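Trainee: Structure in structure tokens, see below.
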Amino acid sequence: MDCHKIIEDTYAHILSKENKGAVATYIPELGKVDPAHFGVCLTTNDGTQYTAGDAYSPFSIQSIAKVLSLSLALSLEDTMIWQRLDVEPSGSAFNSLVQLESENGIPRNPLINAGAIVVCDILCSHLKDPKKELIGYIRDVANNDTIQYSETIAQSEKSNGYLNVALVNFMKSFGNIKNDVEQVIDLYFYLSSIEMTCCQLSKTFGFLANGGKQLITNKQILTRSQSQRVNAIMQTCGFYDEAGEFAYKVGLPGKSGVGGGIVAVLPNSYSISVWSPKLNEKGNSYRGMKFLQLFTDTTRETIF
Ligand code: GLN
Numbered sequence: 003m004d005c006h007k008i009i010e011d012t013y014a015h016i017l018s019k020e021n022k023g024a025v026a027t028y029i030p031e032l033g034k035v036d037p038a039h040f041g042v043c044l045t046t047n048d049g050t051q052y053t054a055g056d057a058y059s060p061f062s063i064q065s066i067a068k069v070l071s072l073s074l075a076l077s078l079e080d081t082m083i084w085q086r087l088d089v090e091p092s093g094s095a096f097n098s099l100v101q102l103e104s105e106n107g108i109p110r111n112p113l114i115n116a117g118a119i120v121v122c123d124i125l126c127s128h129l130k131d132p133k134k135e136l137i138g139y140i141r142d143v144a145n146n147d148t149i150q151y152s153e154t155i156a157q158s159e160k161s162n163g164y165l166n167v168a169l170v171n172f173m174k175s176f177g178n179i180k181n182d183v184e185q186v187i188d189l190y191f192y193l194s195s196i197e198m199t200c201c202q203l204s205k206t207f208g209f210l211a212n213g214g215k216q217l218i219t220n221k222q223i224l225t226r227s228q229s230q231r232v233n234a235i236m237q238t239c240g241f242y243d244e245a246g247e248f249a250y251k252v253g254l255p256g257k258s259g260v261g262g263g264i265v266a267v268l269p270n271s272y273s274i275s276v277w278s279p280k281l282n283e284k285g286n287s288y289r290g291m292k293f294l295q296l297f298t299d300t301t302r303e304t305i306f
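Residue numbering for the sequence shown follows our numbering, starting at 3 and increasing by one per position.
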């Protein structure tokens with residue numbers, strides 16, 4: 003596969019088409035991002051990177067970070083975490099409250115907001131300094147000590163985070179949040195604020211294309227079994243009520259974020275990250291979805 007040419011040609015084609023959608027404004031800081039940004043980086047399992055456009059500009063990875071907090075929780079509790087949340091697609095929006103009431107405060111999966119908040123609660127139960135240890139873990143997975151929270155974005159989301167505050171309190175009322183709700187939701191807002199470039203993001207997710215082992219160093223981040231199951235959850239839940247369409251059109255396990263990022267992996271081959279801030283009506287990057295669809299159509303390589 004001539005990665006360089008396929009990335010370049012796919013990028014040029016998508017760039018030539020109308021860029022639909024809108025940037026997220028419910029987090030005011032995200033509303034300030036230039037909607038014209040468009041970057042791509044593919045990292046093959048030998049660590050080689052192929053880029054196009056804004057591949058080196060940092061952006062808020064938002065819900066993409068939920069995959070990394072899930073990985074840490076699995077490292078700490080393994081399958082015990084599934085007593086607190088499920089592994090089922092929600093079929094609803096990422097911030098929906100609807101199913102929580104009928105399902106006794108047990109979130110459908112760890113990639114919707116309610117599930118990620120329970121994962122943050124699990125981390126608060128295990129870690130002495132959750133915020134410090136979580137970013138430390140993510141820097142370790144990324145093999146990059148410069149990865150940071152964005153104080154500005156975390157505070158911006160916190161200033162308008164009424165729905166997530168409702169989610170954490172609603173689950174607390176069912177007894178599915180064990181720690182102080184303020185501490186748990188604060189960790190969640192900081193987790194969401196983490197910034198990475200496309201190159202950093204695709205390299206960081208390389209362990210999920212590599213049997214749980216960090217690229218190059220082969221450091222075991224997750225067991226092979228755990229990494230396979232995280233990929234399965236990304237495949238079925240990574241795009242919320244558009245997960246089926248992503249599986250149908252792209253055919254890779256992946257995760258989106260309202261900052262306009264998407265990361266996807268082809269196990270035993272590569273991880274790829276795309277960033278374009280304008281979101282479709284489901285809250286996933288419009289150009290990111292279109293790029294990945296054309297990319298896997300061209301490479302004819304999917305998990306299917
Ligand atoms: N922090 C965002 C929220 O809670 C994450 C949503 C997303 O990226 N899908 O709404």
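By construction, the Cβ of each residue, glycine as well, lies at the ideal position given by its N, Cα and C atoms.
From a predicted model like this one, the values you see are computed outputs, not experimental measurements.
Using three-state DSSP, classify TYR250 as helix, strand or coil.
Mentor: TYR250 falls in the helix class under three-state DSSP.
Trainee: Between PHE96 and ligand 1, is there a pair consisting of the residue's CB and a ligand heavy atom that are separated by less than 8 Å?
Mentor: Checking the Cβ of PHE96 against ligand 1 gives yes.
Trainee: Taking the C-alpha atoms as reference points, what is the distance between THR50 and LYS205?
Mentor: For THR50 and LYS205, the distance between alpha carbons rounds to 9 Å.
Trainee: Considering only C-alpha positions, which residue in the set ASN171, GLN222 and CYS43 is nearest to SER77?
Mentor: Of the listed residues, the one whose Cα sits closest to SER77 is GLN222.
Trainee: By the 10 Å Cβ neighbour count, where 16 or more other Cβ atoms means buried, how is GLY177 classified, buried or exposed?
Mentor: Classification of GLY177: exposed, given that the 10 Å Cβ count is below 16.
Trainee: In angstroms with no decimal places, state the Cα-to-Cα distance between THR81 and ASN111.
Mentor: Rounded to the nearest angstrom, the two C-alpha atoms are 13 Å apart.
Trainee: Nearest-angstrom Cα distance between ASN212 and SER278?
Mentor: Roughly 26 Å between the two C-alpha positions.
Trainee: So what does DSSP say about GLU90, is it helix, strand or coil?
Mentor: Coil, per DSSP.
Trainee: Residues in its own chain within less than 6 Å of PHE241 by CB, not counting five upstream and five downstream?
Mentor: Hits under 6 Å: PHE248, SER258 and ASN286.
Trainee: For PHE61, which of helix, strand or coil comes out of DSSP?
Mentor: DSSP places PHE61 in strand when its eight states are reduced to three.
Trainee: Between the stretch 192-211 and the stretch 57-67, are three or more C-beta pairs nearer than 8 Å?
Mentor: Because the criterion of three Cβ pairs below 8 Å is met, the stretch 192-211 and the stretch 57-67 touch.
Trainee: Comparing alpha-carbon positions, which option in GLN202, ILE218 and GLY253 lies nearest SER59?
Mentor: When only C-alpha atoms are compared, the closest one is GLN202.
Trainee: Let me confirm a value: ASP182 is counted as buried when at least 16 other C-beta atoms fall within 10 Å, else exposed. Which label applies?
Mentor: So ASP182 ends up on the exposed side.
Trainee: Hey, would you say ASP11 sits closer than 9 Å to THR304, going by beta carbons?
Mentor: No, they are not a contact pair.
Trainee: Helix, strand or coil for TYR139, going by three-state DSSP, please let me know.
Mentor: Looking at TYR139 - three-state DSSP - the assignment turns out to be helix.
Trainee: Return the CA-CA distance between LEU32 and GLU20, expressed in angstroms with no decimal places.
Mentor: The straight-line gap from Cα to Cα measures roughly 21 Å.
Trainee: So LEU169 and ALA116 are supposed to be a Cβ contact under 8 Å. How far apart are they, rounded?
Mentor: Yes, they are in contact, since the Cβ atoms of LEU169 and ALA116 sit about 5 Å apart, within 8 Å.
Trainee: Just verifying my parser: in three-state terms, what is the DSSP assignment at MET291?
Mentor: Three-state DSSP puts MET291 in a helix.
Trainee: If we count Cβ pairs, one from each stretch, closer than 8 Å, do we get three or more for the stretch 265-283 versus the stretch 148-161?
Mentor: Result no; under three Cβ-Cβ pairs closer than 8 Å.
Trainee: What does the alpha-carbon distance come out to for the pair SER229 and SER127?
Mentor: Near 23 Å, if we compare the C-alpha coordinates of SER127 and SER229.
Trainee: Residues bridged to VAL276 by DSSP?
Mentor: Answer is VAL42 and ILE264, bridged to VAL276.
Trainee: Going by alpha carbons, who is nearest to HIS15 out of PHE297, VAL121 and LYS34?
Mentor: For HIS15, the nearest C-alpha among the options comes from PHE297.
Trainee: Cβ of LEU165 versus every heavy atom of ligand 1: is any distance shorter than 8 Å?
Mentor: Yes; taking the cut-off as 8 Å, the Cβ of LEU165 has a heavy atom of ligand 1 nearer than that.
Trainee: Under three-state DSSP, which class holds TYR52?
Mentor: TYR52 falls in the strand class under three-state DSSP.
Trainee: Mind checking whether the beta-carbon of CYS29 lies closer than 8 Å to any heavy atom of ligand 1?
Mentor: The sequence as given places Ile at residue 29; Cys does not occur at that position. Yes, the Cβ of ILE29 comes within 8 Å of a heavy atom of ligand 1.
Trainee: Tell me the residue span of the beta strand (DSSP E) that contains LYS160.
Mentor: Where LYS160 is concerned, there is no enclosing beta strand (DSSP E), although the alpha helix (DSSP H) it sits in stretches over 153-160.
Trainee: I'd like to know whether the C-beta of SER73 is nearer than 9 Å to at least one C-beta of chain C.
Mentor: Within the model displayed, chain C is absent; a lone protein chain is all it includes.
Trainee: In its own chain, which residues sit with a C-beta less than 6 Å from the C-beta of THR46, not counting the 5 before and 5 after it?
Mentor: Same-chain partners within the cutoff: TYR272.
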